[in-house]
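Student: Pasting in a structure now, in structure tokens, and then I'll have a few things to ask.
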Amino acid sequence: ANAEAVEIILEAIANAGYKAGEQVALALDPAASEFYDEEAGRYHLRREGVELSGEEMVAFWKSWVDQYPIISIEDGLAQDDWESWQLMTKELGGRIQIVGDDLLVTNPERVRKAIDELACNALLVKLNQIGTLTETIEAVELCQRSGWRAVTSHRSGETEDTTIADLAVGLNMGQIKTGAPARSDRVAKYNQLMRIEEELDQSATYAGWSAIKQGKP
Numbered sequence: 006a007n008a009e010a011v012e013i014i015l016e017a018i019a020n021a022g023y024k025a026g027e028q029v030a031l032a033l034d035p036a037a038s039e040f041y042d043e044e045a046g047r048y049h050l051r052r053e054g055v056e057l058s059g060e061e062m063v064a065f066w067k068s069w070v071d072q073y074p075i076i077s078i079e080d081g082l083a084q085d086d087w088e089s090w091q092l093m094t095k096e097l098g099g100r101i102q103i104v105g106d107d108l109l110v111t112n113p114e115r116v117r118k119a120i121d122e123l124a125c126n127a128l129l130v131k132l133n134q135i136g137t138l139t140e141t142i143e144a145v146e147l148c149q150r151s152g153w154r155a156v157t158s159h160r161s162g163e164t165e166d167t168t169i170a171d172l173a174v175g176l177n178m179g180q181i182k183t184g185a186p187a188r189s190d191r192v193a194k195y196n197q198l199m200r201i202e203e204e205l206d207q208s209a210t211y212a213g214w215s216a217i218k219q220g221k222p
């Protein structure tokens with residue numbers, strides 16, 4: 006079952022000597038558009054052998070949030086299932102970060118619509134997804150004015166370019182998603198963050214749990 010992956014991660018956290026929910030928490034990216042049948046309006050969980058409606062998919066995530074130390078879910082629903090996004094934000098938005106990636110595509114117009122319709126509460130920022138730095142900054146500032154969080158992210162076909170590390174700090178996003186510290190393209194971003202911290206000196210502040218509005222699970 007899909008929950009086995011979560012259980013393995015929790016076991017790894019414990020084996021490393023940390024406490025899940027206190028020192029380490031979970032952030033999921035299910036990419037729900039990949040298992041959504043738009044024509045039928047159903048989510049296909051093949052490992053469980055079930056098909057769920059949007060409302061049932063929200064209930065599924067709620068049960069996981071109740072059971073596991075989850076603080077963020079990205080793309081927990083299909084990119085055009087707006088009604089279900091609204092329901093998920095209503096049910097879980099006060100407890101966890103609900104991140105729109107495929108839903109928002111770093112597009113200021115889609116971000117504005119999501120804010121107006123209460124469809125999520127955080128944006129995944131991909132600079133080359135929208136295509137210009139100007140639109141990226143507009144999207145992030147829209148989020149921040151509305152009390153949302155913004156999370157800058159790498160892409161699957163990455164290079165050693167470190168622009169997103171500067172962007173994360175420069176726009177005061179507080180969160181960066183760039184994978185485990187393995188492979189040079191990822192390590193380069195973390196090295197740049199350390200260089201920025203050294204340059205900022207006493208002005209640098211580690212946000213910790215406060216980087217996520219809802220705080221600790």
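The C-terminal residue of the sequence shown carries number 222 in this note's numbering, and the numbering is unbroken.
Think of the CB as a built atom: it goes at the ideal place given N, C-alpha and C, for glycine as much as any other residue.
Please read all numbers here as calculations on a predicted model, not as lab measurements.
1) On the three-pair Cβ rule with 8 Å, is the segment 123-139 touching the segment 76-94?
2) Taking just the CA atoms, how far does I181 sit from D171?
3) Is it true that the CB of E146 sits closer than 7 Å to the CB of P113?
4) Three-state secondary structure (DSSP) at K41?
5) Do three or more CB pairs link the segment 157-173 to the segment 191-208 at distances below 8 Å?
6) Roughly how many whole angstroms lie between the Cα atoms of G105 and D86?
7) Looking only at C-alpha atoms, which of Y73, E88 and Q197 sits nearest to E60?
8) Can you give me the C-alpha to C-alpha distance between T164 and W153, rounded to a whole angstrom?
9) Going straight from the alpha carbon of E43 to that of A209, what length do you get?
10) Starting from E202 and walking both ways along the alpha helix (DSSP H), at which residues does that stretch end?
11) Between which residues of its own chain and Q91 is the CB-CB distance below 7 Å, once the five residues before and five after are set aside?
12) Using a Cβ-Cβ cutoff of less than 6 Å, which residues in the same chain neighbour V11 once the five nearest sequence positions on both sides are dropped?
13) Distance check for N20 and L132, CA to CA, integer angstroms please.
14) Just to confirm before moving on: does the CB-CB distance between I120 and S151 stay below 7 Å?
15) For G220, collect the residues of the same chain with a Cβ closer than 8 Å to its Cβ; drop the 5 residues on either side in sequence, then sort them by chain order.
16) Which of the three DSSP states is assigned to T157 in this structure?
17) When burial is assigned at 16 or more other CB atoms within 10 Å of the CB, is P35 buried or exposed?
18) Would you mind reading off the limits of the beta strand (DSSP E) that contains S77?
19) Would you mind working out which of E140, Q84 and G175 sits nearest D107, comparing C-alpha positions?
20) For V110, which residues of its own chain have a beta-carbon under 6 Å away from its beta-carbon, when the five flanking residues on both sides are left out?
21) Can you give me the C-alpha to C-alpha distance between L15 and W69, rounded to a whole angstrom?
22) Checking the sheet assignment: what are the DSSP bridge partners for G105?
23) Flag this pair as yes or no: are the beta carbons of R52 and A8 separated by less than 7 Å?
Tutor: With the given structure in hand:
1) yes
2) Taking the sequence shown and counting its residues from 1, one reaches residue 171 at position 166. Taking the sequence shown and counting its residues from 1, one reaches residue 181 at position 176. A direct Cα-Cα distance of roughly 10 Å separates D171 from I181.
3) In the sequence shown, counting from the first residue as 1, residue 113 sits at position 108. In the sequence shown, counting from the first residue as 1, residue 146 sits at position 141. E146 is positioned such that its CB atom lies no closer than 7 Å to that of P113.
4) The residue labelled residue 41 in the question sits at position 36 within the sequence shown. According to the sequence as given, residue 41 is Tyr; it is not Lys. If DSSP states are grouped into helix, strand and coil, Y41 belongs with the strands.
5) yes
6) In the sequence shown, residue 105 corresponds to position 100, counting from 1. In the sequence shown, residue 86 corresponds to position 81, counting from 1. The alpha-carbon atoms of G105 and D86 are separated by roughly 12 Å.
7) Position 55 of the sequence shown holds residue 60. Here the closest residue by C-alpha is E88.
8) Residue numbering aside, residue 164 sits at position 159 when the sequence shown is read from its first letter. Residue numbering aside, residue 153 sits at position 148 when the sequence shown is read from its first letter. One C-alpha to the other measures close to 28 Å.
9) In the sequence shown, counting from the first residue as 1, residue 43 sits at position 38. In the sequence shown, counting from the first residue as 1, residue 209 sits at position 204. Using only the alpha carbons, I get a separation of about 46 Å.
10) Translated into the one-based positions of the sequence shown, residue 202 becomes position 197. Unbroken alpha helix (DSSP H) run through E202: S189 to L205.
11) Here residue 91 refers to the residue found at position 86 when the sequence shown is read from its first residue. Counting only Cβ-Cβ distances below 7 Å, and skipping sequence neighbours, we find E122, L123 and A124.
12) Here the question's residue 11 lines up with position 6 in the sequence shown. These residues qualify, in order along the chain: Y73.
13) Position 127 of the sequence shown holds residue 132. Position 15 of the sequence shown holds residue 20. Roughly 36 Å between the two C-alpha positions.
14) Counting from one through the sequence shown, the residue named residue 120 turns up at place 115. Counting from one through the sequence shown, the residue named residue 151 turns up at place 146. A contact, by the Cβ cut-off of 7 Å.
15) By one-based count along the sequence shown, residue 220 stands at place 215. Residue placement at G220 cannot be trusted, given a pLDDT of 41 that sits under 50; the coordinates are not used to answer.
16) Taking the sequence shown and counting its residues from 1, the one referred to as residue 157 is at position 152. Note: T157 maps to strand in three-state DSSP.
17) Residue numbering aside, residue 35 sits at position 30 when the sequence shown is read from its first letter. It counts as buried.
18) On the sequence shown, residue 77 is found 72 positions in, with the first residue counted as 1. Counting along the chain, the beta strand (DSSP E) containing S77 begins and ends at I75 to E79.
19) Translated into the one-based positions of the sequence shown, residue 107 becomes position 102. Measuring C-alpha to C-alpha distances from D107 to each of E140, Q84 and G175 identifies Q84 as the nearest.
20) Position 105 of the sequence shown, counted from the first residue, corresponds to residue 110. Around V110: Q134.
21) Reading the sequence shown from its first residue, position 10 is the one you call residue 15. Reading the sequence shown from its first residue, position 64 is the one you call residue 69. So the alpha carbons of these two residues sit roughly 13 Å apart.
22) The count along the sequence shown starts at 1 and reaches residue 105 at position 100. For G105, the beta-bridge partners assigned by DSSP are L128.
23) Working through the sequence shown from its first residue, we reach residue 52 at position 47. Working through the sequence shown from its first residue, we reach residue 8 at position 3. It is not a contact, given that the beta carbons lie outside the stated cut-off.
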